[in-house]
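Participant: Take this structure first; my questions come after.
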Amino acid sequence: STGERPVLLQHSREGVELNIRGRGGDFSAAGAGEGDTQCPPPDDGSPPTSSPSFLSSSASLRKMAEKPAGPAPNGKPVLQKPPGYRDPAAPAPAGPPRPPHRKQPLPPSFRPGAANPKHYRRRRRRACCRRLCCWLCLILLIVFFVLALVGALSYLWFQPKLPSFHLQSIQTPLFNVTSKLDGSFVDARTVVRLQVSNPNSKIRFSFAPSEARVAVPGDDDDAGDVPLGTATAPGLDLGRKNSTVLRFEARAKGVMVDDGLGARLAVRLRSKTLRLAVEVRTRVALAVGGKRTGKVPVRVVCGGLPLKQLDGGASPKCTINVLKW
């Protein structure tokens, strides 16, 4: 209404100051105590009065002034910190040391042998077998490598060579072909000389007793070989860079052949075109120093030349087959 006056409130730490401005003038009231308010007299000359409503309003204004300040002037609400929030810049509270971190146990499905103990034991056995096989293969490989290395070094050092056999001579003091009613029969005596040489300078050879077989090899027109007997020779030791002669004397009596073959053999013997073959079987061992290896079988095949060439001084080399009996 027109009779009301605006009231202005100013507060500070010391008290509350009221400024009332109206038509006739303005007055102020400053309170330093709890409820004491003094109002200046109005300008119109009326005596000062103290209204209870004015005092109650001033007390309420004082209480409002004593309240803390509200939200920020820009009107944004203040965010509240969540429960359990801890300022990282705040110093750590003093207290007992934190216990060490304990490792979480693995679930049963990840534990070896926890899900299926039998399967786990079976897997362990297979793993052990695989490791054993790997170790055995490795050991065998190492042994094979060592043996190969030793063999290569031994070969380079000793340079071993096989003994050589040469057919020195074949003599037939007796060779008769007799024709009878029931067939033709051959009686023969053959003397064979076989030269054996050792070309090694660091290895010796030891020969077991040898056995020689003499025969007439069959041609295309003949049915097969005609045996002329067997003979033996004693064993011997052949030194380094040495040679010797083995002598065999084979005898055959009453060897039955067909009439055509008997006639051809008689003609070839008179013309010195008869061919004889000698096969010698023996066993040979190597000797180095005071040590000797085991004996291995050896088969020597000689012949193929006619008697005319052998009588002329030819000495054909024989073929040696080792480990072929």
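The numbering of the sequence shown is full-length UniProt numbering, which starts it at 1 and goes up by one. Note that the Cβ used here is the ideal one computed from N, Cα and C, for glycine as well.
#1: Just to check my reading of the structure: residue 205 and residue 198 have Cβ atoms closer than 8 Å, yes? What is that Cβ distance to the nearest angstrom?
#2: Taking the Cβ atom as the reference point for each residue, do residue 189 and residue 178 lie within a distance shorter than 9 Å?
#3: Using only the alpha-carbon positions, how far apart do residue 216 and residue 248 sit?
#4: Helix or strand or just coil, what does DSSP make of residue 27?
#5: What is the residue span of the beta strand (DSSP E) that residue 179 lies within?
#6: Report the residue from 163, 139 and 158 whose alpha carbon sits nearest the alpha carbon of residue 322.
#7: Looking at the unbroken alpha helix (DSSP H) that takes in residue 261, where does it start and where does it end?
#8: So is residue 252 buried or exposed if we call it buried at 16+ other beta carbons inside 10 Å?
#9: Could you tell me the distance, in whole angstroms, from the CA atom of residue 310 to the CA atom of residue 291?
#10: Checking 9 Å against the spacing of the C-beta atoms, do residue 278 and residue 214 come in under that value?
#11: Taking residue 300 and residue 318 to be in contact with their CB atoms under 8 Å, please state how far apart those CB atoms are, rounded to whole angstroms.
#12: Thinking just about the alpha-carbon of each residue, which of 229, 202, 203 and 200 is nearest to the one in residue 211?
#13: Are residue 316 and residue 167 close, meaning C-beta to C-beta below 9 Å?
#14: Go ahead and pull the three-state DSSP assignment for residue 149.
#15: Any beta carbon from chain D within less than 9 Å of residue 104's own beta carbon?
#16: Helix, strand or coil, according to DSSP, for residue 309 in the structure here?
#17: Inspect the beta-carbon positions of residue 147 and residue 203 and report whether they are closer than 9 Å.
#18: Give the range of the beta strand (DSSP E) segment to which residue 184 is assigned.
#19: Let's test the definition: count the other Cβ atoms within 10 Å of the Cβ of residue 232 and tell me whether it reaches 16, buried, or not, exposed.
#20: Between which two residues does the beta strand (DSSP E) carrying residue 320 extend?
#21: Using the DSSP secondary-structure output, state which residues sit across from residue 158 in a beta bridge.
#22: Among the residues of its own chain, which have a CB less than 8 Å from the CB of residue 255, if the five just before and after it don't count?
#23: Mind checking whether the beta-carbon of residue 248 lies closer than 8 Å to any heavy atom of the ligand ADP?
#24: Within this structure, are the beta carbons of residue 275 and residue 306 separated by less than 9 Å?
#25: How about residue 265 and residue 257: are their beta carbons less than 9 Å apart?
#26: Please determine, among 281, 312, 289 and 104, the residue with the shortest C-alpha to C-alpha distance to residue 165.
Facilitator: Straight from the coordinates:
#1: Looking up residue 205 in the sequence shown gives position 205. Looking up residue 198 in the sequence shown gives position 198. About 5 Å separates the Cβ atoms of residue 205 and residue 198, confirming a contact at the 8 Å cut-off.
#2: Stepping through the sequence shown from its first residue, residue 189 is reached at position 189. Stepping through the sequence shown from its first residue, residue 178 is reached at position 178. Taking 9 Å as the Cβ cut-off, residue 189 and residue 178 do not qualify as a contacting pair.
#3: In the sequence shown, the residue the question calls residue 216 occupies position 216. In the sequence shown, the residue the question calls residue 248 occupies position 248. Near 16 Å, if we compare the C-alpha coordinates of residue 248 and residue 216.
#4: Within the sequence shown, the letter at position 27 stands for residue 27. Because residue 27 carries a pLDDT of 44, less than 50, the predicted location of this residue cannot be relied on, and the following value inherits that uncertainty. Strand.
#5: Taking the first residue of the sequence shown as position 1, residue 179 is located at position 179. Unbroken beta strand (DSSP E) run through residue 179: 164 to 180.
#6: As a position in the sequence shown, residue 322 is number 322, starting the count at 1. When only C-alpha atoms are compared, the closest one is 163.
#7: Mapped onto the sequence shown, residue 261 falls at position 261. From DSSP, the alpha helix (DSSP H) with residue 261 extends over 259 to 271.
#8: As a position in the sequence shown, residue 252 is number 252, starting the count at 1. Result: buried.
#9: On the sequence shown, residue 310 is found 310 positions in, with the first residue counted as 1. On the sequence shown, residue 291 is found 291 positions in, with the first residue counted as 1. Taking the straight line from one Cα to the other gives about 39 Å.
#10: For the purposes of this step, residue 278 is taken as the residue at position 278 of the sequence shown. For the purposes of this step, residue 214 is taken as the residue at position 214 of the sequence shown. Yes, these two residues count as a Cβ contact at 9 Å.
#11: Indexing the sequence shown from 1 puts residue 300 at position 300. Indexing the sequence shown from 1 puts residue 318 at position 318. Between residue 300 and residue 318, the beta carbon gap of about 5 Å places them in contact (Cβ cut-off 8 Å).
#12: Translated into positions along the sequence shown, residue 211 becomes position 211. It is 229.
#13: Locating residue 316 in the sequence shown gives position 316, counting from the first residue. Locating residue 167 in the sequence shown gives position 167, counting from the first residue. Yes, these two residues count as a Cβ contact at 9 Å.
#14: Residue mapping note: residue 149 aligns to position 149 of the sequence shown, counting from 1. Three-state DSSP puts residue 149 in a helix.
#15: The structure shown contains no chain D; it holds only a single protein chain.
#16: Looking up residue 309 in the sequence shown gives position 309. Secondary structure of residue 309 (DSSP, three-state): helix.
#17: Indexing the sequence shown from 1 puts residue 147 at position 147. Indexing the sequence shown from 1 puts residue 203 at position 203. Cβ atoms of residue 147 and residue 203: not closer than 9 Å.
#18: Residue numbering aside, residue 184 sits at position 184 when the sequence shown is read from its first letter. Here the beta strand (DSSP E) through residue 184 covers 183 to 198.
#19: In the sequence shown, residue 232 corresponds to position 232, counting from 1. Exposed is the call here.
#20: Within the sequence shown, the letter at position 320 stands for residue 320. For residue 320, the enclosing beta strand (DSSP E) has its first and last residue at 319 to 322.
#21: Numbered from its first residue, the sequence shown carries residue 158 at position 158. DSSP output for residue 158 lists no bridge partner at all.
#22: As a first step, residue 255 must be located in the sequence shown, where it is residue number 255. Counting only Cβ-Cβ distances below 8 Å, and skipping sequence neighbours, we find 185, 186, 187, 188, 226, 227 and 228.
#23: Within the structure as shown, the ligand ADP is missing, as the structure has no ligands at all.
#24: Counting from 1 along the sequence shown, the entry for residue 275 is found at position 275. Counting from 1 along the sequence shown, the entry for residue 306 is found at position 306. For residue 275 and residue 306, yes; Cβs fall inside 9 Å.
#25: Against the sequence shown, residue 265 aligns to sequence position 265. Against the sequence shown, residue 257 aligns to sequence position 257. Contact annotation: residue 265 and residue 257 have beta-carbon atoms nearer than 9 Å.
#26: Taking the first residue of the sequence shown as 1, we reach residue 165 at position 165. Between residue 165 and the set 281, 312, 289 and 104, the nearest pair of CA atoms involves 281.
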